[in-house]
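Just below is one structure, and these are the notes that go with it.
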Amino acid sequence: MLLAAIPSPSVNGFHLGPLYIHFYGLMYVVGIGLAVYLGRRRWQAAGGDPELVDEVAMWGVPFGILGGRIYFDLTTPKGIPHHWWGPLAVWDGGLGIWGGVALATVVCVWRLRRAGVPVAGMMDALAPCLLIAQAIGRIGNYFNQELFGGPTSLPWGLEIDPAYRPAGYLQNATFHPTFLYELIWNLLLAALLIRLGRSGRIRPGGLFPLYVAGYSAFRVFEESLRVDYSQYFLGLRLNFYIAALVALAGVVWFVLLQRRTPGEAIAEPAEPVESDEPAESTESDESAESDESDAEETPARP
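Sequential numbering of the sequence shown, starting at 1, is according to the UniProt record's numbering.
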């Protein structure tokens, strides 16, 4: 029997001594931890040092949160709490995924290049892991009763408490759980990227732009459903345009990478191989042996 609706949670966190732990933040911690764990395994399977993933996370996570918050503040100014610390209050507001991914990517690429590590291989290893982390992070939106779509009578409609319903929708009880749609999409896209990576059909560096394009393309659909506060331009949400542009950029990025000639493709540097020079012929071997014999009988010249 199908549920009439998905109930919303009665709490959004719990007390741990004097601290109040928000489920929203907890889901981000769990998602990041799982992404690092999976990233280590994927990078090690590719022949890399798993410790490098920890270093990437140490740089990428804080800058990702910072970039995500900056993006949120710029695109959703009304969502900033009215306190001096409001612009930094990630526990009382939100994060913009594009800002987070953009700043974290720039910083991590800089660090990888300084360390002489193949950037393309690392980005491909982490792309599915980022999607899994984002999927888990969306569970936090459920506890915050946010990022839902318009009213719906579908069996999987999400019940939203009146206090969280946007103006104009107070009479509606159930809404599209768009965060759940994105969660499912992220997991499916992650599985697809893993499969494509194993197929060997994608050149190094190709999985990351597919992640960018695939995620952003779904956000175009998602933004058409959401009814929470947003900046609008020509009747459409600002994030609708940004998602479309980023999706297009991801497609162009992927195509350009795949069109590179093998010599131009970004690949991991080959390890130096020590090997003896092959003998040119049996006659040469015999000559070399003769020369060595003569050298033993004749003293070397100064």
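Just so you know, even glycine gets a beta-carbon here, dropped at the ideal spot from N, CA and C.
Predicted model only: the values in this text are computed from it and were never measured.
Contacting residues, own chain, Cβ-Cβ under 8 Å from residue i (five flanking each side not counted)
i      : result
Ser275 : The pLDDT assigned to Ser275 is 45, lower than 50, so where the model puts this residue is not dependable, and the model offers no usable value.
Arg113 : Val119
Leu131 : Asn186, Leu187, Leu189, Ala190, Leu193, Tyr211 and Tyr215
Gly31  : Ile132, Ala133, Gln134, Ala135, Ile136 and Gly137
Asp49  : Trp43
Which listed residue (the options) has its alpha carbon closest to that of residue i
i      : options                          : result
Tyr169 : Ile184, Tyr181 and Gly149        : Gly149
Val36  : Gly47, Thr75, Val56 and Ser224   : Val56
Val117 : Ala243, Ser224 and Leu52         : Leu52
Gly94  : Leu192, Leu210, Arg69 and Ser224 : Arg69
Phe240 : Asp228, Ala249 and Glu222        : Glu222
Asp228 : Arg41, Trp84, Gly13 and Pro166   : Pro166
Trp43  : Tyr142, Gly121 and Asn172        : Gly121
Trp59  : Arg41, Leu88 and Gly100          : Gly100
Where residue i falls: helix, strand or coil (DSSP)
i           : result
Phe72       : helix
Glu146      : coil
Tyr202      : First, the residue type needs correcting, since residue 202 is Ile and not Tyr in the sequence shown. Here Ile202 sits in coil by DSSP.
Arg237      : strand
Gly17       : coil
Arg226      : strand
residue 306 : Any answer about residue 306 is impossible in this case: the structure gives the chain only from 1 up to 302.
Leu154      : coil
Tyr169      : coil
Same chain, Cβ closer than 7 Å to residue i, neighbours up to 5 away in sequence not counted
i      : result
Glu280 : Bear in mind that the predicted position of Glu280 carries a pLDDT of just 47, short of 50, making it unreliable; the figure below should be weighed with that in mind. Closer than 7 Å at the Cβ level, and outside the excluded window around Glu280, lies no residue.
Gly197 : Asp124 and Leu207
Phe63  : Leu103, Ala104 and Val107
Thr152 : Thr174, Phe175 and His176
Gly39  : Val53, Ala125, Leu126 and Cys129
Val90  : Ile65 and Arg69
Trp98  : Tyr71, Ile242 and Val246
Ala217 : Ala247
Ile202 : Leu196
Tyr181 : Glu222
Leu147 : Asn141, Thr178, Phe179, Arg226 and Asp228
Gly13  : Tyr20, Ile21, His22 and Phe23
Ala46  : Gly121 and Ala125
Gly67  : Gly99, Gly100, Ala102, Leu103 and Ala104
Sequence-distant residues of its chain with Cβ nearer than 6 Å to residue i (five each side left out)
i      : result
Ala267 : Confidence in Ala267 is poor, its pLDDT being 39 and thus under 50, which makes the residue's placement unreliable; the coordinate value appears in the next sentence. So the qualifying residues of the chain are Pro204.
Gly86  : Ile80
Val109 : Val119
Met27  : Ile136, Gly137, Ile139 and Gly140
Gly157 : Ala5 and Thr174
Asp294 : At Asp294 the pLDDT is 48, less than 50, meaning the model places this residue with poor confidence and gives no usable figure here.
Asn172 : Pro151
Where the alpha helix (DSSP H) through residue i begins and ends
i           : result
Ile6        : From DSSP, Ile6 is part of no alpha helix (DSSP H); its letter is neither H nor E.
Gln231      : From DSSP, Gln231 is part of no alpha helix (DSSP H); its letter is neither H nor E.
Val29       : Phe23 to Ala45
residue 304 : Since the displayed the chain opens at 1 and closes at 302, residue 304 lies outside it and no answer follows.
Ile97       : Ile97 to Arg114
Validate contact between the stretch 235-244 and the stretch 158-167 using beta carbons, cut 8 Å, 3 pairs: The stretch 235-244 is not in contact with the stretch 158-167.
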